[in-house]
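Down below is the structure, laid out as structure tokens.
Residue numbers (our numbering): 508 to 659.
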């Protein structure tokens, strides 16, 4: 009761992988957890908006991580912002501060910022995107990002 559960899952079809993460609440959660959820959701949506051909993994990481840092949770974002997706669930290009190579048209990447606080809980939201010249196609557009609250 009053906790968050992060569900990270995917499937394989004709040798290609998928990957999606959502976080759901079980019972009523604290205002602090709701705040963290909304910060991660906004960070993830900002990252998705900037992802397009020519943008680097660093550019996307800067947007997502920067928003989390601005909101005081930078030390609680302890993993990469995303990764490539294809024949393997985790492949190049990496969406990290170290990747300065531009994304290519038709590459598939995930955007998955997160905040994790020991003893309190964590949130991660992940979508897979097909990179296009002028933006991207979100493969998980139909999956809601609003916090889902399961009853006790």
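Yeah, the Cβ is synthetic: ideal placement off N, Cα and C, and Gly gets one too.
- Going by beta carbons, residue 568 and residue 603 fall inside the 7 Å limit.
- Taking the CA atoms as reference points, residue 599 sits about 13 Å from residue 638.
- Cβ neighbours of residue 652 within its own chain (closer than 7 Å, five residues either side excluded): 548, 632.
- Ranked by Cα distance from residue 518, the first of 593, 512, 589 is 593.
- Restricting attention to alpha helix (DSSP H) runs no shorter than 4 residues, the region 604-642 encloses none.
- Counting the other Cβ atoms within 10 Å of the Cβ of residue 522 gives fewer than 16, which makes it exposed.
- No residue range can be given for residue 536, since it is assigned to no alpha helix (DSSP H) and is classified by DSSP as neither H nor E.
- If the five residues before and after residue 589 are omitted, its C-beta is found closer than 6 Å to the C-beta atoms of 602, 616, 617, 618, 619, all from its own chain and listed in chain order.
- DSSP places residue 577 in the uninterrupted alpha helix (DSSP H) bounded by 564-577.
- The beta carbons of residue 607 and residue 539 sit no closer together than 7 Å.
- Residues of the same chain with a CB within less than 8 Å of the CB of residue 525, apart from the 5 flanking positions on each side, are 517, 518, 519, 592, 635, 646 in chain order.
- For residue 597, same chain residues with a beta-carbon under 7 Å away, outside a window of 5 residues either side, are 590 in chain order.
- In this structure, the CA atom of residue 583 is about 29 Å from the CA atom of residue 642.
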